[in-house]
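J.:
In my numbering, the protein residues as written are 437 to 838.
1. Would you mind sorting residue 442 into buried or exposed? The rule is 16 or more other CB atoms within 10 Å of its CB.
2. Taking the continuous beta strand (DSSP E) assigned at residue 450, which residues delimit it?
3. Among the residues of its own chain, which have a CB less than 6 Å from the CB of residue 650, if the five just before and after it don't count?
4. Between the beta-carbon of residue 463 and the beta-carbon of residue 777, is there less than 8 Å?
5. Three-state secondary structure (DSSP) at residue 490?
6. In the DSSP assignment, find the unbroken beta strand (DSSP E) run with residue 782 in it and report its ends.
7. Where residue 560 and residue 475 are concerned, what is the direct C-alpha to C-alpha distance, given to the nearest angstrom?
8. Have a look at residue 824 and residue 614 and give me their C-alpha separation to the nearest angstrom.
9. When you compare each of 783, 541, 505 and 490 to residue 713 by their alpha carbons, which one comes out closest?
10. Short of 8 Å in beta carbon distance, which residues of its chain neighbour residue 616, apart from the five on each side in sequence? Order them along the chain.
11. Assuming residue 872 contacts residue 608 under a Cβ cut-off of 8 Å, what Cβ separation, rounded to an integer in Å, is found between them?
12. How is residue 788 classed by DSSP in three states: helix, strand or coil?
13. With a threshold of 7 Å on Cβ separation, who are the neighbours of residue 515 within its own chain once the five nearest residues in sequence on each side are excluded?
14. Figure out for me which residue from 483, 507, 482 and 480 has the closest Cα to the Cα of residue 828.
15. For residue 552 versus residue 598, is the C-beta spacing smaller than 8 Å?
16. Give the list of continuous alpha helix (DSSP H) stretches no shorter than 4 residues that lie fully inside the segment 685-716.
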């Protein structure tokens, strides 16, 4: 499959498949609706969530936005800025780049949402992928026959409880070289600690000024503190560790950079993107509405943080937690997706989905009414973003001399 990508500056999710009618399960339940297609849509949507919720990536888009403004005004293209150049550079200490860490974070949630066995099978069946160096179809069938993929089968013959080996294989197959940040942690700890700490530490590292090295330093601080019990759902570990990871990340960032870090929402508000980029202004608005919705419509026990913390602040950190752990079912409910669905998904034939409008039409799964009575006109935002995408493509062609 080709043509799949997320364009951060224009917020356009490109899918290399022909258009099909929109379906909420592409995000809410990707393993249950057209898995090969939903897998692509979900993965590229994770990138949308990363770019609106992580401070480092917001600054990266801001840098590109300034380049695009200069191109539109003068017809001349500026060279990539410091953040863009450093995005793909692997640091000497870590051995991986910010892009590697971002992709590993997204691939981790791919595996969690679709389930390792399904993802393995999709990789083995992909026509344009050769993963035989990691796993062949024959080897996979033998592992299944030996009971090493599922823990057991139910009365209907459906696999129940995937194994740690299947998760490891799925990460290696789906992520390739991008799996390094996760696999390095796995080798130094165990499958339970790796599954618990990786998404949180990657998430907070992407809030920082130097994600790869920050990720390793945060792991070094947190790993000795982790005491987990096997047999409990992994969601319990993410929830129980979130505030501890946040506290250590804030302290670490203060030590390294002399200031606290901010979530993507706060960073957007202080960025020129808030005033100048219609997509980022919309994203900030929808994130604020999502916080209001969580505060008013979810039970107090659902919110993250100490009970004595004001509910508005707890709602803010809850949204950060849900975006960082975006593969959880709680992160992909229709009422939340109404706020955080990507503004436009474009297919190979040029036709699009406007998922924001689609989710606006669904009833909210809460007893109290939503605060988003009149969300921004996302259809107009979509058209503007497609225009931004065209200008960005023109600039890229200019750089290439085409």
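Here a beta-carbon is modelled for each residue, glycine too, at the ideal position from N, C-alpha and C.
T.: Looking at the coordinates:
1. buried
2. 448-450
3. 641 and 644
4. yes
5. coil
6. 780-782
7. 14 Å
8. 29 Å
9. 505
10. 531, 532, 536 and 540
11. Shown here, the chain extends from 437 to 838; a query on residue 872 therefore has no answer.
12. strand
13. none
14. 507
15. yes
16. 700-705 and 708-712
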